Amino acid sequence: MKLVSRFPDHPEIVTLHDNFVHAVDTYRDHKYLGTRVGVDGTVGEYKWMTYEEVATAREAVGSGLRYHGMAQGACIGLYFINRPEWVVVDHACSAYSYISVPLYDTLGPDAVKFVVNHASIQAIFCVPQTLNTLLSFLSEIPCVRLIVVVGGVDEYLPSLPSTSGVKLISYLKLLGQGHSSLLPFCPPKPNDVATICYTSGTTGTPKGVVLTHGNLIANAAGFSVCVKFYPSDIYISYLPLAHIYERANQIVLAYYGVGIGFYQGDNLKLMDDLAALRPTLFPSVPRLYNRIYAGITNAVKTSGVLRERLFNIAYNSKKQAIMSGRSASPMWDRLVFNKIREKLGGRVRFMASGASPLSPDVMDFLRVCFGCQVYEGYGMTETSCVISVMDEDDKLSGHVGSPNPACEIKLVDVPEMNYTSEDQPYPRGEICVRGPIVFQGYYKDEVQTREALDSDGWLHTGDIGLWLPGGRLKIIDRCNLLGW
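Using the working numbering, read the sequence shown as starting at 623 and increasing by one per residue.
Pasting the structure below:
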């Protein structure tokens, strides 16, 4: 079986650098990265950088890192939440063969310190808030030689003792230094490491998942076979860029020339950002979808008997139409559902759900109320993200779709839990994955790598699944063999 490892329309794209070069060549003047937060911290309308402007900035950042003596293959830390500079720095790492290592606060300061030392991170991009955390243990991270503060102003940055051996500068200063001494790219090869993603692992110490350029391109290529985006699409970025779900999305979005608007950094103001951005693509996780579901159902219940009855008639009529593949009457949208769609800006045509199972009731509810495709997928950091995803015209809910064309999946018997391939009515077992999306191993951890990857290249996920008709995968349990 031939697995997808490259974009069928652009097989010449084999690294993240190639992918962005393709995006810049194709969508040069299209808007790419947008933010509502001004330099002074005030919030207004979305302001955009084009693909070409981001390309110029990534060249300056990469050259700036070279100016400060960062050699090819150095690990670069990103210690701040989603904003345009995160993506610019990530592109700079790809263009100049650096390894990006996301750091995030939910790991806790001790874990951040551990990751910095474990990956021997030499430069860290942070914001004023996370700078304070870094300074609190600066003497305990001797590998760090450069700290770049995004949104910081040089005259307000603290001065570090010269004995620390660490340079502390603003992002704008680094951009200036890079612009003044632009250097040619050092393009990576497909087998070069692109990123080390540390997962919070239940065992306490974070594990560094090593992913190559080839891994991430294979994942994006497989996903691109299942979904189509357009340069006219707008995506809201608020799920953590430190996690593989959002990171993998970004690669596919650049390939298609999508505009990416960032939230202002506060989940409580997300609805405000959605109203301002009016995205067409909305990624989320069940926790937020459940909140949307609860909010709408409560509003309906308290709207009075007549309105509640109207909603229920409209809901049942539209749901039946969707399930039978018919077009629902536009009257129901005009009377009921358009008001609900406006909550997410009124233009969402595509919703994605990942990270944990979405209840079938909530999925059906989203399809009816928002009138858009809702895709549920399943994946993990160790597979560069997507293991399986629902097909575009699948009306059935309660499963995670069929395999990403970039991998193969098998179910392995777990006799001690009574799961076997002979089970009736459906075969059951531990989900194992193989293919170009599977990671290279855990950084500096042979033992855990051997536990996860067997000698035939199969990754044992620790999840129990069953095969439904039509090659659909459903996750039903967890086996704790790996202590994940």
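Note that the Cβ used here is the ideal one computed from N, Cα and C, for glycine as well.
What you are looking at is a predicted structure, and each value in this text was computed from that prediction instead of being measured.
Taking L903 as the reference, give the member of T817, V922, G883 with the closest Cα.
G883
Cβ neighbour criterion (16 or more within 10 Å) applied to V766:
buried
Quickly, what does DSSP pair Y701 with across the bridge? List them, please.
C748
So what does DSSP say about G1092, is it helix, strand or coil?
coil
Nearest to K850 by alpha carbon, out of V874, C819, V711?
V874
CB C697 to CB I791, shorter than 8 Å?
no
Find the nearest neighbour of E674 within the set T657, H690, H652, judged by alpha-carbon distance.
H652
Can you give me the start and stop residues for the beta strand (DSSP E) that G621 sits inside?
Missing from the structure shown is residue 621; the chain here goes from 623 to 1106 and no further.
Tell me whether L928 is buried or exposed, calling it buried when 16 or more other Cβ atoms sit within 10 Å of its Cβ.
exposed
For Q995, report the span of its beta strand (DSSP E) as first-last.
995 to 1002
Please classify T664: does DSSP put it in a helix, a strand, or coil?
coil
Minimum C-alpha distance to V665 - residue among G976, S802, H1021, D894
D894
Select from P724, M953, I743, V832 the residue whose C-alpha is nearest the C-alpha of Q1070.
V832
Hey, out of A741, R1100, T728, V775, whose CA is closest to T755's CA?
T728
Where P1027 falls: helix, strand or coil (DSSP)
coil
Just how far apart, CA to CA, sit L1090 and Y726?
37 Å
Among V676, S719, N871, I743, which has the Cα closest to the Cα of N813?
S719
Just curious, the alpha helix (DSSP H) that P780 is in, first and last residue?
Here P780 belongs to no alpha helix (DSSP H), and DSSP marks it neither H nor E.
Mind listing, in chain order, the continuous alpha helix (DSSP H) runs of no fewer than 4 residues lying wholly within the stretch 939 to 982?
960 to 963
In the DSSP assignment, the beta strand (DSSP E) including K789 goes from what residue to what residue?
789 to 792
Given a cut-off of 8 Å on the beta-carbon distance, is the pair G1057 and C1029 in contact?
yes
Residue environment, P1047, which counts as buried when at least 16 other CB atoms sit within 10 Å
exposed
Nearest neighbour of D631, chosen from A843, V1008, R971, F987 [CA to CA]
A843
Are the CB atoms of L655 and P724 within a distance shorter than 8 Å?
no
For L768, which of helix, strand or coil comes out of DSSP?
strand
Cβ-based burial, K940 [other Cβ within 10 Å; buried from 16]:
buried
Secondary structure at N841, three-state DSSP: helix, strand or coil?
helix
Kindly identify the DSSP beta-bridge partner or partners of M671.
L655
Terminal residues of the continuous alpha helix (DSSP H) containing V1069?
1068 to 1074
What does the Cβ neighbour count give for I1031, buried or exposed, with the cut at 16 atoms within 10 Å?
buried
Spatially closest choice to I721 from G684, G976, E634, R931, by CA coordinates:
G684
Check whether the stretch 1049 to 1065 touches the stretch 1081 to 1089, counting contact only when three or more Cβ pairs, one atom from each stretch, lie closer than 8 Å.
yes
Check the C-beta distance from D1013 over to S1024 and give it rounded, since I have them as a contact under 8 Å.
6 Å
Proximal residues to G686 (C-beta, below 7 Å), its chain only, five neighbours per side dropped
L796, L797, Q799, G800
Who pairs with T834 in a beta bridge, going by DSSP?
V815
Give me, in chain order, the residues of the same chain whose beta-carbon lies closer than 7 Å to that of G1093; leave out the 5 immediate sequence neighbours on both sides.
S1024
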